[in-house]
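Visitor:
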Amino acid sequence: MDATLARLEQRIERDASQPRVIRFARRHPMLVVGLLLLAVMVFMALFAPWITAWDATEMNVIARLKAPSAEHIFGTDAMGRDIFARTLYGARVSLLVGVCVALVSVAIGIVIGTVAGFSRWLDAIVMRVMDGMMAIPGILLAVALMTLIHASVQTVIIAIALPEIPRVVRLVRALVLTIREQPYIQAAQAMGTRLPVILMRHVVPNLLTPLIVQASFICASAMIFEAYLSFLGAGTPPEVPSWGNIMADGRSVVQLAFGVILFPGLFLGLTVLAVNMIGDGLRDLLDPRIARKL
Amino acid sequence: MSTPILEVDDLHLTFASRDGITRAVEGVSWQVYAGEMLGIVGESGCGKSVTAMSVLRLLPPPPTTHASGAIRFRGEDLLQASEARMQEIRGNEISMIFQDPMTSINPVLTVGEQIAEVLMLHQRLGRQAAWARAVELLALVNIPDPQRRVKDYPHQFSGGMRQRVMIAIALACKPAVLIADEPTTALDVTIQAQIMELLDRLRRETGTAVVLITHDLGVVAESCDRVVVMYAGRKVEEAATPDLFSQPSHPYTRGLLGAMPNLDTPLTQPRTRLAEIPGMVPSLRTAAVGCRFAPRCPLAVEVCRAQVPPLEAVAASNPQHRAACWRTTFSSEKIAE
Amino acid sequence: MNAMAVEVSAAAPPVQTPALLEVRNLVKYYPGGGSWLRPRSVKAVDGISFSIAHGETLGLVGESGCGKSTAAKTILRLIAPTSGEILLQGTDVAGLSPTRFRPYRRDMQIVFQDPYASLNPRMRARDIVAEPLRNFCRPADWGDAPLAALFERVGLDKAAMRKFPSEFSGGQRQRLGIARALALNPKLIVCDEPVSALDVSIQAQVINLLGDLQRDLGLSYLFVAHDLAVVRHISHRVAVMYLGRIVEIGPVGELYASPRHPYTKALLAAVPKVGGAGAREKTVLKGDIPSPANPPSGCTFRTRCPMARPECAQSAPALRPQGPGHWAACHFI
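Protein chains in written order, with our numbering: chain C, 14 to 307; chain F, 1419 to 1755; chain R, 7 to 339.
(1) Using 8 Å for Cβ pairs, my map puts Pro1572(F) next to Ile1515(F). What's the rounded Cβ distance?
(2) Give a yes or no on whether the C-beta atoms belonging to Ala1594(F) and Ile1458(F) are separated by under 8 Å.
(3) Quick one: is Gly217(R) buried, meaning 16 or more other Cβ sit within 10 Å of its Cβ, or exposed?
(4) Which class does Ala1718(F) belong to by DSSP, given the choice of helix, strand or coil?
(5) Under the rule that 16 or more other beta-carbon atoms within 10 Å means buried, what is Asp163(R), buried or exposed?
(6) Shorter than 8 Å from the beta carbon of Leu18(C) to some beta carbon of chain F?
(7) For a contact defined as C-beta to C-beta under 7 Å, what are the partners of Met1579(F) on chain R?
(8) Report, in whole angstroms, the separation of the C-beta atoms of Tyr197(C) and His215(C), which I expect to be a contact under 8 Å.
(9) Quick one: measure Cβ to Cβ for Lys279(R) and Asp1634(F), integer angstroms, because I've assumed they're closer than 8 Å.
(10) Is Asn214(R) close to chain C? Criterion is C-beta to C-beta, closer than 8 Å.
(11) Helix, strand or coil: how does DSSP classify Pro250(C) here?
(12) Hey, does Asn8(R) have any beta-carbon neighbour from chain C nearer than 8 Å?
(13) Just to confirm my understanding: we take Tyr1670(F), look at its own chain, exclude 5 residues before and 5 after, and list those with CB closer than 6 Å. What are they?
(14) What's the call for Asp1428(F), buried or exposed, on a 16-neighbour Cβ count within 10 Å?
(15) Who are the near neighbours of Lys31(R) in its chain, counting only those whose CB is closer than 8 Å to its CB and skipping five residues on each side?
(16) Phe131(C) lies in the alpha helix (DSSP H); which residues open and close that run?
(17) Which residues of the segment 315-332 of chain R have a Cβ closer than 7 Å to any Cβ of chain B? Give them in chain order.
(18) What does Thr1608(F) reach in chain R if we use C-beta pairs closer than 7 Å?
(19) Check whether the segment 100-115 of chain C and the segment 142-159 of chain C are in contact - that is, three or more C-beta pairs closer than 8 Å.
(20) DSSP beta-bridge partners for Glu1425(F)?
(21) Within the 8 Å Cβ cut-off, does Pro1737(F) reach chain R?
(22) Taking only three categories from DSSP, how would you classify Ala231(R)?
(23) Output needed for Gly284(R): all residues of its chain with C-beta closer than 8 Å, excluding positions within five of it in sequence on either side, in chain order.
(24) What's the call for Asp262(C), buried or exposed, on a 16-neighbour Cβ count within 10 Å?
(25) Would you mind telling me which residues of chain C sit closer than 9 Å to Leu125(R), beta carbon to beta carbon, in chain order?
(26) Quick test of your reading: Ala131(R) and Ala166(R), contact by CB under 8 Å. State the CB separation rounded to the nearest angstrom.
(27) Please list, in chain order, all residues of the same chain as Ala319(R) whose beta carbon is under 8 Å from its beta carbon, the five residues on each side excluded.
(28) Taking the Cβ atom as the reference point for each residue, do Ile173(C) and Ala247(C) lie within a distance shorter than 8 Å?
(29) Per DSSP, Met1455(F) forms a beta bridge with which residues?
(30) Contact between the segment 90-97 of chain C and the segment 269-279 of chain C is defined here as three or more beta-carbon pairs at a separation below 8 Å; is this criterion met?
(31) According to DSSP, what are the bridge partners of Phe56(R)?
(32) For Leu283(C), I'd like the list of residues in its chain whose CB is within less than 8 Å of its CB, leaving aside the five on either flank, ordered along the chain.
(33) Starting from Asp28(C), find everything on chain F with Cβ-Cβ shorter than 8 Å and list it in chain order.
(34) With a threshold of 7 Å on Cβ separation, who are the neighbours of Ile295(R) within its own chain once the five nearest residues in sequence on each side are excluded?
(35) Assuming Thr1603(F) and Gln1517(F) make a contact with CB atoms under 8 Å, what is their CB distance in whole Å?
(36) Just grab the DSSP bridge partners of Met114(R) for me.
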């Protein structure tokens, strides 16, 4: 027994002596891989002008539908535009949409959910509205909104965020109902802390952990949603390259130049995978109940 | 003195996690004989519950948990037994009841199903026979109207009655040993009295040995034949109940008794302060040199910090009353001041 | 069995001045018991009255469902009272609007049972204790020096101010909760089972601390607990509750030495005692505690009372004097 223990202790010490980054990577491999993958995508999106000489919108009708070559790494599309450049610039739009939708829906969701959790009569009204919104398929709601308003990246963000809000509100409301019963909230009331201060100082900080995880999943789903909308023609305007747009354009010519759909689709898939992995990894990291096993 | 029906012999339990190794139990031995009630007392973190769980091998397997030593049930070492053998023993020859009656019984099965399950599994009774026996068991634990209640779900019972149901499940197969892990901690004091009376009556009627794990010295004083006191993973004192309370020997036992307000002490005005044990229970991550209680002990001297005190008789006349202390046992005269 | 070193607190017994807190016929009913066709209220607190003098501790004991925690929180208006009067130094605060009641919060504070859930896990110890001061005082009052003084008073090190609650042990967290309750210099602290979740040796430390604070600061306590021995140690007077009503109230010595109400007797008999020989003569109460949603008619204790007779179902007994300051509610004593 002592021998086993001694070996165990040695192993624990060896683990503990490794640099923190390595230790972290070994314990949370999914999170680290997801972060790396996302970092690559973000890097490419940010440094697109330096990575490729081609412009995303420059049309060159002579060089239409070329296969991947040294000059055009991913080939060209029906208008002669370089797909690699379009993919890189498209990353900007898709990532932007994903992140903004997550932020907007979580921010609005916190406000509505907290109010619903604290006020019984507002709760009834708000939740029925949310139930109504959830009853409409998200795609239809988004498409309907896009037909009503002028299409641009901002409006796409709003149209995608809107169907996501009810889910966030549900989550926040459930959390708030639990937090409300905690003695530290009653303690704050007993000390004369006013309700708005209680909300900001006690309730919201304790909501953040599960919401961060939820936000990452919303980001992933928003990027795919944006691709759907663009595919249906109700998404980002055609001048702005987004992965969905690129794939939508290439629909008719996929047999001639499959690269038009393959490469943006691949990038979209990898990015969404990365964000989902980050979400899963964060949830495991932040959950205090998962024991720190060997 | 016959042979003990259950014997824990020099048990060491360690838990390993990334943060290090926790020595939960170090060299603990105790025995329980047929028909007696042994009390194991200690505060949180002393290792009493994990000792009990290791009897039934309910702890996670290595490398998370390491156990060494022996746990002998009727002579058979349970730490070496196969999992199949342990399945035969659990609920059948050795049973356990837990602290929280809300979560220890399955809320989606009726009470009758849960009792019958044990009977059908271990005693190979048919459904009819098992349910009939379940009704008898409910009557045995004083649940009124058992014919009707056997079909009820746990949430339809009060806390005290759920605890009785758990006792019924545990005693269904007439086990030789019952381990009760803080069975009354979550209950009101009048209900606690009912449950302790029930346990006492049942053990006398069936001859089951009971190991009662608790932090409540009062419950132990009233119901147990012998007591083991644990501190920070070690046994510090053991004695027959009257001896322990009339002549507590180990400074920790004395400290505990002094720290408890007593219904019988005279009320002075102003009140006398409760005797505090200063400091806190030490972390079990670090290996200890010497007595674990030394940092908090008013009697500690050099040898206490240097060497682990052995378990020795407190007085020559009473070898059954033993304590692990350099200063207060029979042999302490040998230690130079 | 207090054989180890004993220190005697040198304080004088509390002077009988006009009451700090007087509660009259406090009632709290919750809707929701019973079914849709026959709605019933859950009578959590069913008309209780008592008073607490300056520097005095009133112990409030009872088992689950008796309403003692609800009563304590209702007095602090953390729960809205259904009816009744709460007189704080003569002024009835039960009916005041929340804004007008707020200044009175300075005089009444609370310490909770659960040392883990009563502190915001995301706030540093310093900010937790400073919060009441931020609500009512000027910035100078929540500077490092006054806060350090509070920490020291409850036996916590100054270095602890920067830590988060998860870095403290249960006993230390409870001390933190006490420091927070002391911050505004209240006159009354409601202690809602403050030591139930602690180990015996830590309980003693916290009980001694509460006693010292009472002696030094002239605090009054409403000490809600189910542990009868602890209540006896710390209280001057004790009230016993059963299903929302006070069944007996009196000076601690007399109530424990000669209990009059059958429930009090049974409660005291049920407490496991160290020191007596093993099995002892005990009248163990039969049956379970009835649900507050469906209390028995008349005297609520009659379903478990060894002395119950048909008259007990007819009317609920009123509190009758049994001695100086000692009252009990039973038809037959």
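Where is the CB? At the ideal position from N, CA and C, for every residue including glycine.
Quantities reported herein were computed from a predicted structural model and do not represent experimental measurements.
Guide: Taking the definition as stated:
(1) Approximately 14 Å separates the beta-carbon atoms of Pro1572(F) and Ile1515(F); this is outside 8 Å, ruling out the contact.
(2) No.
(3) Buried, by the Cβ-count rule.
(4) DSSP places Ala1718(F) in coil when its eight states are reduced to three.
(5) With fewer than 16 other Cβ atoms within 10 Å, it is exposed.
(6) Chain F places a beta carbon closer than 8 Å to that of Leu18(C), counting this residue as a contact.
(7) The contacting residues are Asp294.
(8) About 7 Å separates the Cβ atoms of Tyr197(C) and His215(C), confirming a contact at the 8 Å cut-off.
(9) With a Cβ gap of about 11 Å, Lys279(R) and Asp1634(F) do not count as contacting.
(10) No, because no Cβ of chain C sits closer than 8 Å to the Cβ of Asn214(R).
(11) In this structure, Pro250(C) counts as coil in the three-state DSSP scheme.
(12) Bear in mind that a pLDDT of 38 at Asn8(R), under 50, signals an unreliable position, so the model cannot answer this.
(13) In chain order, Tyr1649, Val1654 and Phe1711 place their CB closer than 6 Å to the CB of Tyr1670(F), counting only its own chain and leaving out the 5 sequence neighbours on each side.
(14) Classification of Asp1428(F): exposed, given that the 10 Å Cβ count is below 16.
(15) The question names Lys, yet the displayed sequence has Asn at residue 31(R). So the list reads Gly53, Ile54, Ser55, Ser89, Gly90 and Glu91, once near-sequence residues are dropped.
(16) Here the alpha helix (DSSP H) through Phe131(C) covers Ile96 to Phe131.
(17) Protein chains C, F and R are contained in the structure displayed, whereas chain B is not.
(18) Neighbours of Thr1608(F) on chain R, chain order: Glu69, Ala272, Leu273, Ala276 and Leu291.
(19) As far as the Cβ criterion goes, the segment 100-115 of chain C does not touch the segment 142-159 of chain C, which means the pair count is below three.
(20) Residue pairing by DSSP places Glu1425(F) opposite Gln1449(F) and Arg1490(F) in a beta bridge.
(21) So, not an interface residue.
(22) The answer is strand: DSSP assigns Ala231(R) an E or B state.
(23) Confidence at Gly284(R) is low in this model, with a pLDDT of 47, below 50, so the placement of that residue should be treated as unreliable; the coordinate-derived value is given next. Cβ within range, chain order: n/a, list empty.
(24) With 16 or more other Cβ atoms within 10 Å, it is buried.
(25) Pro196, Tyr197 and Ala200, listed in chain order.
(26) Contact between Ala131(R) and Ala166(R) holds: CB atoms are separated by about 6 Å, below the 8 Å threshold.
(27) Counting only residues of its own chain and dropping the five nearest sequence neighbours on each side, Ala319(R) has a CB closer than 8 Å to the CB of Pro302, Ser303, Gly304, Cys305 and Arg308.
(28) It is not a contact, given that the beta carbons lie outside the stated cut-off.
(29) Per DSSP, Val1628(F).
(30) Counting C-beta pairs closer than 8 Å gives three or more between the segment 90-97 of chain C and the segment 269-279 of chain C, which meets the contact rule.
(31) BP columns for Phe56(R) point to Val29(R).
(32) Excluding residues within five positions, the ones whose Cβ falls inside 8 Å are Leu50 and Met54.
(33) Chain F residues near Asp28(C): Arg1436.
(34) Counting only Cβ-Cβ distances below 7 Å, and skipping sequence neighbours, we find Glu69, Ser70 and Gly71.
(35) Between the beta-carbon of Thr1603(F) and that of Gln1517(F) there is about 5 Å, and that keeps the pair under the 8 Å contact cut.
(36) According to DSSP, residue pairing for Met114(R) in a beta bridge involves Leu194(R).
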